[in-house]
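Going by full-length UniProt numbering, the residue at position 157 of the sequence shown is 157; the numbering climbs one at a time, nothing skipped. Backbone N, C-alpha and C define an ideal beta-carbon position, used for all residues, glycine too. Predicted, not measured: the structure shown is a model, and the values here were computed from it.
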Amino acid sequence: MPVPPAMRRAQILERLQREGGVSLTELARELGVSAVTIHRDVTQLAEQGQVERVYGGVVATSSNGDAPAIPPTGWEQRTAQAGPAKRAIAAYAARQVLPGATIFLDSSSTCLALARELVAGSVSGLTLVTNSPAIAYELVDDRIVVVAVPGELDQHMRMFAGRWTTDFMAGLNFDVAFVSAAGLTLDAGLTTSRRPLADVINTARANAERTVALIDSTKFGRASLLTIAGAQDFDTVITDAELDAGVAAEFRAAGVLLEVAG
1 MPVPPAMRRA
11 QILERLQREG
21 GVSLTELARE
31 LGVSAVTIHR
41 DVTQLAEQGQ
51 VERVYGGVVA
61 TSSNGDAPAI
71 PPTGWEQRTA
81 QAGPAKRAIA
91 AYAARQVLPG
101 ATIFLDSSST
111 CLALARELVA
121 GSVSGLTLVT
131 NSPAIAYELV
141 DDRIVVVAVP
151 GELDQHMRMF
161 AGRWTTDFMA
171 GLNFDVAFVS
181 AAGLTLDAGL
191 TTSRRPLADV
201 INTARANAER
211 TVALIDSTKF
221 GRASLLTIAG
231 AQDFDTVITD
241 AELDAGVAAE
251 FRAAGVLLEV
261 AG
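What follows is the structure in structure tokens.
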């Protein structure tokens with residue numbers, strides 16, 4: 001099914017946010033569209049001041065001139081935070097995925113990093129279920145069967161959620177569910193400000209043999225509005241090496257199975 005133009009342009013911006021620049025030829029090949037289509041997309045983004053055209057390609061722009069600033073979405077804020085830590089966590093988590101497994105990846109930017117690690121790795125025969133449009137559209141790999149769950153699209157969080165989503169997921173079984181959220185504390189557990197996200201994660205947990213929380217060190221000690229699950233309720237919590245040793249010891253003493261990537 002063709003990617004909607006708005007989603008395609010969002011993918012271009014995400015690529016530039018990660019890498020700074022890319023050729024038009026590479027964009028056309030990656031997104032599976034013609035050079036004319038990519039030229040039209042890039043021209044529109046350039047006219048909006050979101051990118052800058054260069055010979056044979058396009059680069060990110062840090063300024064929109066006199067144009068009013070557009071508030072970043074929740075997704076854009078998440079993808080811009082703790083990039084190296086998320087990649088380290090993703091590389092560590094990818095080694096726990098066995099050939100032939102059925103896994104769930106939620107709509108977090110850390111799970112997107114994990115999806116990229118799986119594509120770059122050698123594991124095969126995977127079935128990957130996700131409520132993330134970004135993961136579903138980006139994964140192009142014959143070794144991985146991608147199942148995108150139905151549901152109502154939350155544009156701000158870039159996720160499918162709601163009753164259709166949880167009803168569909170309730171009929172599935174996962175070897176491992178990989179999840180993340182806004183913060184993790186011993187008192188409040190894993191938390192979020194979004195009830196639909198909490199419902200998706202808890203449905204995945206209920207249907208998974210193991211649930212692994214991918215939590216970068218900046219999220220420890222932060223509590224949001226709603227508790228998804230206790231910190232001890234996860235089979236494993238994977239974090240990065242920047243987590244304070246004292247905090248790690250405190251969580252382990254409380255019974256949290258904490259693993260540090262790197």
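If you draw a straight line from the Cα of Thr218 to the Cα of Leu243, it comes to about 8 Å.
Three or more beta-carbon pairs separated by less than 8 Å are not found between the segment 169-189 and the segment 133-140, which leaves the two stretches without contact.
Beta-bridge annotation (DSSP): Glu152 is paired with Ala161. Secondary-structure assignment with DSSP links Phe104 through a beta bridge to Val129 and Ala177. Taking a contact as a CB-CB distance under 8 Å, the pair Ala213 and Val237 counts as one, their CB atoms being some 5 Å apart. Taking C-beta atoms under 8 Å as the contact rule, Asp216 and Thr130 fail to qualify, at a distance of about 19 Å. The C-beta of Arg29 has fewer than 16 other C-beta atoms within 10 Å across all chains shown, which makes the residue exposed. Nearest neighbour of Ala113 by Cα position, chosen from Pro4, Thr102 and Glu14, turns out to be Glu14.
Judged by DSSP secondary structure, Val212 falls within the beta strand (DSSP E) whose first and last residues are Ala208 to Leu214. The segment 115-127 makes contact with the segment 87-95: 3 or more CB pairs, one atom from each, lie closer than 8 Å.
Setting aside the 5 residues that flank it on each side, Thr211 is surrounded in the same chain by Ala177, Arg205, Phe234 and Asp235, each with a C-beta closer than 6 Å to its C-beta; the list follows chain order. In the structure shown, Ala249 adopts helical secondary structure according to DSSP, grouped into three states. Ranked by Cα distance from Ser180, the first of Arg40, Gly57 and Met159 is Met159. In this structure, DSSP gives Asp141 a state outside helix and strand, which the three-state scheme calls coil. In this structure, Gln232 is the residue among Gln232, Gly20, Leu105 and Pro133 with its C-alpha nearest to the C-alpha of Leu184. Between the alpha carbons of Arg8 and Leu31 lies a distance of about 7 Å.
DSSP places Asp240 inside the beta strand (DSSP E), whose first and last residues are Thr236 to Asp240. DSSP lists no bridge partner for Phe168. Of all alpha-carbon atoms in Arg116, Glu209, Thr203 and Gly230, the one lying nearest the alpha-carbon of Leu190 is that of Gly230. One alpha carbon belongs to Arg195, the other to Leu226, and they sit about 7 Å apart. Excluding residues up to 5 positions away in sequence, Ala223 lie with their Cβ nearer than 8 Å to the Cβ of Asp187 in the same chain.
With respect to the 8 Å criterion, Ile135 and Ala161 are not classified as neighbours on the basis of their beta carbons. Minimum Cα-Cα distance from Ala10 among the listed residues Thr127, Pro133 and Arg53 corresponds to Pro133.
By the neighbour-count criterion, in which 16 or more other beta carbons inside 10 Å mark a residue as buried, Ser108 falls on the buried side.
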